Amino acid sequence: MSGALTTLSDFVGWNTDQSDQVSVIIIRGSKAWQITTWTSVVIRMGVEIMPWTAALSMTTQAPSPLSKVDISEGDSCRLFIGKTLVFTGYVQTVVEDIGPDHHTFEVQLASKSVDLVECAAEFSTFQMNSTNALDIARRVCQFAQIDVISIGGAGDTDILAFAVILSETAYEVIERVSRLAAVIFYDRPDGNICMSAVGTRRAASGFTLGDNIERLQRVRSMAGRYSTVQAIVMGEVTLFTTPGGSNAYADQMTVLSSPANAKATDPGVTRTRNMLVPIEIGDTDGKVARQRVLWEVNRRYGRAYPITLTCDSWRDRAGNLWLPNTLARVDLGDGNPQDLLIGELTLRQTVDDGTHADVVLMDPQAYSPEPIINPLFQSAFMQAIQSNQPAGQSSDGSESI
934 MSGALTTLSD FVGWNTDQSD QVSVIIIRGS KAWQITTWTS VVIRMGVEIM
984 PWTAALSMTT QAPSPLSKVD ISEGDSCRLF IGKTLVFTGY VQTVVEDIGP
1034 DHHTFEVQLA SKSVDLVECA AEFSTFQMNS TNALDIARRV CQFAQIDVIS
1084 IGGAGDTDIL AFAVILSETA YEVIERVSRL AAVIFYDRPD GNICMSAVGT
1134 RRAASGFTLG DNIERLQRVR SMAGRYSTVQ AIVMGEVTLF TTPGGSNAYA
1184 DQMTVLSSPA NAKATDPGVT RTRNMLVPIE IGDTDGKVAR QRVLWEVNRR
1234 YGRAYPITLT CDSWRDRAGN LWLPNTLARV DLGDGNPQDL LIGELTLRQT
1284 VDDGTHADVV LMDPQAYSPE PIINPLFQSA FMQAIQSNQP AGQSSDGSES
1334 I
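Note that the sequence shown covers residues 934 to 1334 in our numbering.
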């Protein structure tokens, strides 16, 4: 990996003391070389962004020097900031813009997970039994030579049965199995992906208005929030009282919601705004329904108060890069500092404007995965297995139609 530099890099030099200098190592077969001197850099990363991407460009007044830049679409690459590896992936696109007085060379990079997002899942079997979420994710990533790393045991959740839909992408399979395991997944710098709980690391320092915050946007919203979220039993016939009765609706809701007793409230919503969610087939004791109503309230609350800021540095005070799924203290000088989660990052650098980081932060609850029932448990066959009854046989011994 320490192969010879390109002519361009040899001429300019590679100074590892510049902690924010961006470089790309191009890997082609057994050869590798490093390219620096980018005049514009935009790197985008996030908890809910896959793949991580970068757009790098350099411009000169004369076309000849740039013509020696040896980068081709499809090359493997590693993106560094100083000595820190940011992501491992591929050169997606190369764009050259040549005019009478300028020559601009731009490359667009994507992390290895681009193949998980764009390509169909490959399996030796599309039905898996007695496995766990981490193992399923690892199997679906094998074709792309990507491993799945568990942080703190995330993904070690037993799954009795799991079926892959033939047209699903690998990303869609991992997303579905991650929801079953109540974990999130995102890119790692080494080209692999990780399964993790929300907020597993903490930054050495945070963001302070009047210190490292250059610009701030704070949003407070009621959009999409509900005073009450309640889970109810859904059936073919739900209206059992004559319309117009004085307590018909209240009585109806009591009967339909009593099996799970799943209800959550948002005290910040003062007017009546109700949301009903169905108790899914297979959720026999209402456990998932109770998790679901809390998730609806917490996630909607968390996303109602995002903070978007521009920081004057790519690193915290310990010298570590800001990274997604990191808790950071945000102090706006109002006497109420908050620990918020870095959900999205855009690292920017230009010759004229210097180095900046655009950061989106929210309450960690905003990124928690939605609780769901394994679809296989919703089939009559699986329900019969769980209840130790023959498929198609009701509890009173009558045949189901």
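Quick reminder that beta carbons are idealized off the backbone N, C-alpha and C, glycines included. Values in this document were obtained by computation on a predicted structure and should not be read as measured data.
Rank the options by C-alpha distance to the C-alpha of residue i and give the top, closest one.
i	options	result
V1110	R1121, G1124, V1081	V1081
S1096	F1038, V1028, I1069	Note that residue 1096 corresponds to Ala in the displayed sequence, not to Ser. The shortest Cα separation from A1096 among F1038, V1028, I1069 belongs to I1069.
R1011	T1037, Q1041, T993, D1030	Q1041
E1213	R1204, Y1023, I1165	I1165
T1026	I1014, H1035, P1033, A1043	A1043
Y1238	T1090, S1154, Q954, L1142	S1154
K1016	G1022, H1036, Q967	Q967
M991	P984, I976, W971	W971
H1036	R1072, W1247, Y1023, T993	T993
I1240	K1220, D1218, G1219, D1272	D1272
F1020	A1130, I1107, V1047, M1295	V1047
R1233	A1197, W1247, P984	A1197
Y1023	F1056, F1038, P984, I1126	P984
L1256	G1139, T1203, G1235, E1039	G1139
Would you report the Cα separation of residue i and residue j, rounded to the nearest angstrom?
i	j	result
R1148	T1243	5 Å
A918	V1162	With the chain covering 934 to 1334 only, the question about residue 918 has no answer from this structure.
G1007	C1074	19 Å
L1067	G1088	5 Å
G1252	N1145	14 Å
R961	V1152	46 Å
L1018	D1267	36 Å
S973	R1250	24 Å
G1124	A1261	25 Å
F1076	A1054	9 Å
S1327	Y1159	Its pLDDT being 40, under 50, S1327 is placed unreliably in this model, and the value from its coordinates should be taken loosely. Computed Cα separation, rounded: 37 Å.
D953	V1210	48 Å
T1064	Y1104	19 Å
W1030	D1003	In the sequence as presented, Trp is not what sits at residue 1030; that position holds Asp. Going from the Cα of D1030 to the Cα of D1003 covers about 16 Å.
A988	T969	13 Å
V1116	T1090	10 Å
I976	D1034	28 Å
E1229	S1005	46 Å
M1128	G1032	47 Å
I1084	Q1078	19 Å
S963	S1009	11 Å
D1245	L1294	16 Å
I1107	R1072	10 Å
D1286	V1028	23 Å
T1203	V1221	27 Å
I959	C1052	23 Å
Q1311	A965	Confidence is the limiting factor: at Q1311 the pLDDT is only 44, short of 50, which leaves the residue's position unreliable, though a coordinate-based value still follows. Those two C-alpha atoms are separated by around 52 Å.
E1039	F1056	37 Å
V955	T1205	52 Å
R1236	Q1150	14 Å
D1296	I1126	23 Å
Exposed or buried, which one is residue i when buried takes at least 16 other CB atoms within 10 Å?
i	result
K1045	buried
P1200	exposed
N1258	buried
N1269	exposed
V1284	exposed
G1086	exposed
G1219	buried
G1157	exposed
V1131	buried
V957	buried
Q1282	buried
R1248	buried
To the nearest whole angstrom, what separates the beta carbons of residue i and residue j, a pair I think is in contact under 8 Å?
i	j	result
T1102	V1050	6 Å
Q1298	N1231	4 Å
L1142	D1264	7 Å
L1254	I1092	Not quite, the Cβ-Cβ distance comes to about 34 Å (not below 8 Å), so this is no contact.
Are there any heavy atoms of the ligand MN lying less than 8 Å away from the beta-carbon of residue i, as far as the coordinates show?
i	result
V1131	As presented, the structure is devoid of all ligands, the ligand MN included, so that no description of it is given.
| query | Do the stretch 1216 to 1228 and the stretch 1121 to 1140 touch if we need at least three Cβ pairs shorter than 8 Å? | reply | Not touching, per the Cβ criterion.
| field | At least 3 beta-carbon pairs within less than 8 Å: the stretch 1270 to 1285 vs the stretch 969 to 980 | value | Touching, yes, given that three or more Cβ pairs across the two stretches are closer than 8 Å.
| Would you call the stretch 1294 to 1304 and the stretch 1103 to 1121 touching, i.e. three or more CB-CB distances under 8 Å? | Touching, yes, given that three or more Cβ pairs across the two stretches are closer than 8 Å.
| Are at least three pairs of beta-carbons, each pair with one atom in the stretch 1281 to 1298 and one in the stretch 1116 to 1124, less than 8 Å apart? | Too few Cβ pairs lie closer than 8 Å, so no.
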